[in-house]
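Novice:
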Amino acid sequence: MKAISIRKTEQLRGNITIQGSKNTVLPIMAATLLGSGISVIYNCPMIEDVVIMCKLLECLHAKTKLENHVLTIDTREVSYEALPYELTTKLRSSVLLLGPILARWKKVQIGVPGGCAIGLRPIDIHLDGLARMNVDIGCCDGILTGDTSHLQGCDYHLRFASVGATENLVMAATVASGRTILRGVAKEPEIIELCNYLISMGALIEGVGTDTLIIKGTSVLGAADYCNVYDRIVAGTYMLMAAMVPCEICLLGIDDIRYIKNIINVAAELGVNIVRRDNCLKMQSVGKVHGGFFRTGIFPEFPTDLLPVLIAVLIQSEEDSVIEETIFENRFSIIGELRKMGASLTVDDNRVSVQGGKHLQGHTVLATDLRQGAALVVAGLLGKGYTTITNISYIQRGYEDIVRDLKALGVSIEYV
Ligand code: EPZ
Numbered sequence: 010m011k012a013i014s015i016r017k018t019e020q021l022r023g024n025i026t027i028q029g030s031k032n033t034v035l036p037i038m039a040a041t042l043l044g045s046g047i048s049v050i051y052n053c054p055m056i057e058d059v060v061i062m063c064k065l066l067e068c069l070h071a072k073t074k075l076e077n078h079v080l081t082i083d084t085r086e087v088s089y090e091a092l093p094y095e096l097t098t099k100l101r102s103s104v105l106l107l108g109p110i111l112a113r114w115k116k117v118q119i120g121v122p123g124g125c126a127i128g129l130r131p132i133d134i135h136l137d138g139l140a141r142m143n144v145d146i147g148c149c150d151g152i153l154t155g156d157t158s159h160l161q162g163c164d165y166h167l168r169f170a171s172v173g174a175t176e177n178l179v180m181a182a183t184v185a186s187g188r189t190i191l192r193g194v195a196k197e198p199e200i201i202e203l204c205n206y207l208i209s210m211g212a213l214i215e216g217v218g219t220d221t222l223i224i225k226g227t228s229v230l231g232a233a234d235y236c237n238v239y240d241r242i243v244a245g246t247y248m249l250m251a252a253m254v255p256c257e258i259c260l261l262g263i264d265d266i267r268y269i270k271n272i273i274n275v276a277a278e279l280g281v282n283i284v285r286r287d288n289c290l291k292m293q294s295v296g297k298v299h300g301g302f303f304r305t306g307i308f309p310e311f312p313t314d315l316l317p318v319l320i321a322v323l324i325q326s327e328e329d330s331v332i333e334e335t336i337f338e339n340r341f342s343i344i345g346e347l348r349k350m351g352a353s354l355t356v357d358d359n360r361v362s363v364q365g366g367k368h369l370q371g372h373t374v375l376a377t378d379l380r381q382g383a384a385l386v387v388a389g390l391l392g393k394g395y396t397t398i399t400n401i402s403y404i405q406r407g408y409e410d411i412v413r414d415l416k417a418l419g420v421s422i423e424y425v
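Be aware that the sequence shown starts at 10, since it is given in our numbering, and climbs by one per residue.
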């Protein structure tokens, strides 16, 4: 399937079960390399990024099986290999193998990571932190290499609370000699889940959920099972979307709202009435979007990954809005595509102004990254007539089946 065709929708009604989290499961898959044994991960999303991470683990002779949302990883016979550039460039999270491979084999050779083109996305903090842990690290012609006699615990302050660098460094530190203190770390839910998973493998970590992690190195970690949390960005996509069209929607699988409080607040500000009952979020709206000023930020602020969806939703407002992006330099790629549909959007540095009161026209638009692609599908709900989103492999990297989900709400949407 190369494209999605969606027709303007007047009302949304039904239930969606929210898939397991992509950004939680990928680092946990990398972490399985720290132990020897069989790990079972439940509620694993059936998405392309997970498949690529399985291939990378298989390059290291792990055995993986993904069936019916259950992922089994057997690391009993893993052995060292250099990881090919062709695979690592397909996935940003391939960089998360740096820490575990160094921890296990004291050397690493891996192609530079790929991922969505949403900014420069340097990895200097990952490399600087590993260098502070006694790794001799280098990068030449797109290949990263690292060597260490032993990983040494250290006291390191991250210059920015990078999610990926925090994940890499905490994984490396679990088996480093002595104590590692990581200051200024990210506090995203994905970090909390990873730390708790590492603790269940036998790691000694204090300060989980704060901006300082203290890790006491141990020599051996064991395999552990994990039940994945729901994907907060997929849930957030549908929560924001609910503001645009008169609806009654139930999101299932939301057993804990700690990780999405800010998204709930923004959805409520946009005009969605949200009530939580057991593991379900009931959402209702009259389809009148309230505009305003919004800002993305590091957790617990509003997530950058939902910025494109928020832009698409705010076009439906009668009021003008401004959104400020504080994490990535290039998160506005949706703008050109939405302009084709008739949106009036202007960018000034890291702010985008959305002129309200514009009616979108269906058009053929191009997905160029995961979240931008999902936001174009959301915009398609408003475009008069039909909207066709091409290049949908980007969307499939993170959304298990956005067509299935929206069909369940009565949307006329198809793969074409
Ligand atoms: C994670 O990316 C997520 N990916 C991203 O989601 C998410 O947008 C991002 O965190 C921010 O929340 C995964 O978890 C797989 P960062 P990551 O390192 O770890 C700068 C999605 O759509 N930085 O926190 O790559 C960087 O350039 C994806 O699911 C450095 O300068 O993000 C950026 O401006 C897209 N040097 C900022 O920090 C470094 O060494 C945040 O990046 C590392 C990062």
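We put the beta carbon where it would ideally sit given N, CA and C, even for glycine. Since the structure is predicted, the reported quantities are computational estimates derived from the model, not experimental observations.
(1) Roughly how many angstroms lie between the CA atoms of Lys115 and Ser362, to the nearest whole one?
(2) When you compare each of Met210, Ala276, Thr157 and Pro317 to Val298 by their alpha carbons, which one comes out closest?
(3) Measuring straight from C-alpha to C-alpha, what distance separates Ile223 and Thr81?
(4) I need the straight-line Cα distance from Cys256 to Val281, nearest angstrom please.
(5) Do His135 and the ligand EPZ come close, with the Cβ less than 6 Å from some heavy atom?
(6) Any heavy atom of the ligand EPZ inside 6 Å of the beta-carbon of Thr313?
(7) Asn237 and Ser45 - do their beta-carbons sit closer together than 7 Å?
(8) Could you work out which residue in Ile336, Ile343, Phe308 and Leu106 is closest to Leu319 when comparing CA atoms only?
(9) According to DSSP, simplified to helix, strand and coil, what is Gln28?
(10) Answer yes if the stretch 286-294 comes into contact with the stretch 249-263, meaning at least three C-beta pairs across the two stretches below 8 Å, and no otherwise.
(11) When you compare the CB positions of Ser47 and Ala232, do they come within less than 7 Å of one another, or not?
(12) Please specify which runs of the alpha helix (DSSP H), each continuous and at least 4 residues long, are wholly inside the stretch 175-217, giving them in chain order.
(13) For a test of the three-state rule: what should DSSP assign to Tyr247, helix, strand or coil?
(14) Tell whether a beta-carbon distance below 7 Å holds between Leu512 and Pro36.
(15) Going by beta carbon distance, what residues of the same chain come within less than 7 Å of Ile61, once the five residues before and after it are set aside?
(16) Under DSSP, the alpha helix (DSSP H) around Val386 begins and ends at which residues?
(17) Using the C-alpha atoms, what's the distance from Gln381 back to His372?
(18) Starting from Asp240, trace the beta strand (DSSP E) both ways and give me its first and last residue.
(19) Look up Met38 in the DSSP assignment and say whether it is helix, strand or coil.
(20) Using 8 Å as the threshold, is the stretch 200-216 in touch with the stretch 152-160, meaning 3 or more CB pairs across them?
(21) Are Glu19 and Gln405 close, meaning C-beta to C-beta below 7 Å?
(22) Taking the beta carbon of Val412 as the centre, do at least 16 other beta carbons fall within 10 Å, making it buried, or is it exposed?
(23) For Asp414, which residues in the same chain have their Cβ closer than 6 Å to its Cβ, ignoring the five residues on either side in sequence?
(24) Under the criterion of a Cβ to heavy atom distance below 6 Å, does Gly488 qualify as lining the ligand EPZ?
(25) Considering Cα atoms alone, identify which of Leu107, Ile201 and Ser171 is closest to Asp156.
(26) Can you tell which of Tyr395, Gln364 and Asn400 has the C-alpha that lies nearest to the C-alpha of Thr377?
(27) So, do the stretch 181-199 and the stretch 134-147 have three or more beta carbon pairs nearer to each other than 8 Å?
(28) Residue ranges of each beta strand (DSSP E) run of no fewer than 3 residues wholly in the stretch 326-386, ordered along the chain?
(29) Would you kindly work out how many angstroms separate the C-alpha atoms of Gly211 and Tyr395, rounded to a whole number?
(30) Leaving out five residues on either side along the sequence, give the residues of the same chain with a beta carbon under 6 Å from the beta carbon of Thr221.
(31) Using 7 Å as the threshold, is the C-beta distance between Ile15 and Ile422 below it?
(32) In terms of residue numbering, what span does the beta strand (DSSP E) encompassing Gln293 cover?
(33) Taking the beta strand (DSSP E) that Ala12 falls in, what are its first and last residues?
(34) How would you call Asn77, buried or exposed, if buried means at least 16 neighbouring beta carbons within 10 angstroms?
(35) Which residues mark the beginning and the end of the alpha helix (DSSP H) in which Arg413 is found?
(36) Straight-line CA distance for Thr175 to Tyr165?
Specialist: Here's the rundown:
(1) The count along the sequence shown starts at 1 and reaches residue 115 at position 106. The count along the sequence shown starts at 1 and reaches residue 362 at position 353. Taken atom to atom, the span from the alpha-carbon of Lys115 to that of Ser362 is near 49 Å.
(2) One-based indexing of the sequence shown puts residue 298 at position 289. Among Met210, Ala276, Thr157 and Pro317, the Cα nearest to that of Val298 is on Ala276.
(3) Within the sequence shown, the letter at position 214 stands for residue 223. Within the sequence shown, the letter at position 72 stands for residue 81. Cα atoms of Ile223 and Thr81: separation of roughly 30 Å, rounded to the nearest angstrom.
(4) Your numbering for residue 256 matches position 247 in the sequence shown. Your numbering for residue 281 matches position 272 in the sequence shown. C-alpha separation (whole angstroms): 9 Å.
(5) Position 126 of the sequence shown, counted from the first residue, corresponds to residue 135. It does: the Cβ of His135 is within 6 Å (strictly closer) of some heavy atom of the ligand EPZ.
(6) Residue 313 sits at position 304 when you count from the first residue of the sequence shown. Yes, the Cβ of Thr313 comes within 6 Å of a heavy atom of the ligand EPZ.
(7) Translated into positions along the sequence shown, residue 45 becomes position 36. Translated into positions along the sequence shown, residue 237 becomes position 228. Cβ atoms of Ser45 and Asn237: not closer than 7 Å.
(8) For the purposes of this step, residue 319 is taken as the residue at position 310 of the sequence shown. Minimum Cα distance to Leu319 is reached at Ile343.
(9) Here the question's residue 28 lines up with position 19 in the sequence shown. Here Gln28 sits in coil by DSSP.
(10) Judged by Cβ distances under 8 Å, the stretch 249-263 makes contact with the stretch 286-294, as three or more pairs qualify.
(11) Sequence index remark: in the sequence shown, residue 47 carries index 38 (1-based). Sequence index remark: in the sequence shown, residue 232 carries index 223 (1-based). Sequence inspection shows Ile at residue 47; the Ser mentioned does not correspond to that position. A contact, by the Cβ cut-off of 7 Å.
(12) Fully enclosed alpha helix (DSSP H) runs of 4 or longer: 198-210.
(13) Residue mapping note: residue 247 aligns to position 238 of the sequence shown, counting from 1. DSSP places Tyr247 in helix when its eight states are reduced to three.
(14) The first residue shown for the chain is 10 and the last is 425, placing residue 512 beyond what the model contains.
(15) Translated into positions along the sequence shown, residue 61 becomes position 52. The answer, listed in chain order, is Leu96, Lys99 and Leu100.
(16) Residue numbering aside, residue 386 sits at position 377 when the sequence shown is read from its first letter. Start and end: Leu379 to Gly389.
(17) Here residue 372 refers to the residue found at position 363 when the sequence shown is read from its first residue. Here residue 381 refers to the residue found at position 372 when the sequence shown is read from its first residue. Inter-residue distance for His372 and Gln381 is about 16 Å (C-alpha atoms, whole angstroms).
(18) Position 231 of the sequence shown holds residue 240. Premise fails: Asp240 is in no beta strand (DSSP E) and is neither H nor E.
(19) Reading the sequence shown from its first residue, position 29 is the one you call residue 38. Residue state, collapsed to three classes: helix.
(20) No, they do not touch.
(21) By 1-based counting over the sequence shown, the position of residue 19 is 10. By 1-based counting over the sequence shown, the position of residue 405 is 396. Going by C-beta atoms, Glu19 is not nearer than 7 Å to Gln405.
(22) Here residue 412 corresponds to residue number 403 of the sequence shown, with the count starting at 1. Around the CB of Val412, 16 or more other CB atoms lie within 10 Å, so the residue is classed as buried.
(23) In the sequence shown, residue 414 corresponds to position 405, counting from 1. A distance below 6 Å between beta-carbons, with the five flanking residues on each side excluded, links Asp414 to the following residues of its chain, in chain order: Ile25.
(24) Residue 488 is absent from the model: the chain starts at 10 and stops at 425.
(25) Position 147 of the sequence shown holds residue 156. For Asp156, the nearest C-alpha among the options comes from Leu107.
(26) Here residue 377 refers to the residue found at position 368 of the sequence shown. Out of Tyr395, Gln364 and Asn400, the CA that lies nearest to the CA of Thr377 is found in Asn400.
(27) Cβ pair count under 8 Å is three or more, so yes.
(28) Here the runs fully enclosed are 330-333, 354-357, 360-363 and 373-375.
(29) For the purposes of this step, residue 211 is taken as the residue at position 202 of the sequence shown. For the purposes of this step, residue 395 is taken as the residue at position 386 of the sequence shown. Roughly 53 Å separates the two Cα atoms.
(30) Against the sequence shown, residue 221 aligns to sequence position 212. Around Thr221, the same chain offers Arg192 as residues with beta carbons nearer than 6 Å, after the five sequence neighbours per side are excluded.
(31) For the purposes of this step, residue 15 is taken as the residue at position 6 of the sequence shown. For the purposes of this step, residue 422 is taken as the residue at position 413 of the sequence shown. Yes, the pair counts as a contact, with Cβ atoms nearer than the cut-off.
(32) To locate residue 293, count along the sequence shown from 1; it is residue 284. Note, Gln293: beta strand (DSSP E), Cys289 to Ser294.
(33) Here residue 12 refers to the residue found at position 3 when the sequence shown is read from its first residue. Start and end: Ala12 to Arg16.
(34) Translated into the one-based positions of the sequence shown, residue 77 becomes position 68. With fewer than 16 other beta carbons inside 10 angstroms of its own, Asn77 counts as exposed.
(35) Here residue 413 refers to the residue found at position 404 when the sequence shown is read from its first residue. Segment Ile411 to Lys416, the alpha helix (DSSP H) holding Arg413.
(36) Start at 1 with the first residue of the sequence shown, and residue 175 comes out as number 166. Start at 1 with the first residue of the sequence shown, and residue 165 comes out as number 156. Roughly 11 Å separates the two Cα atoms.
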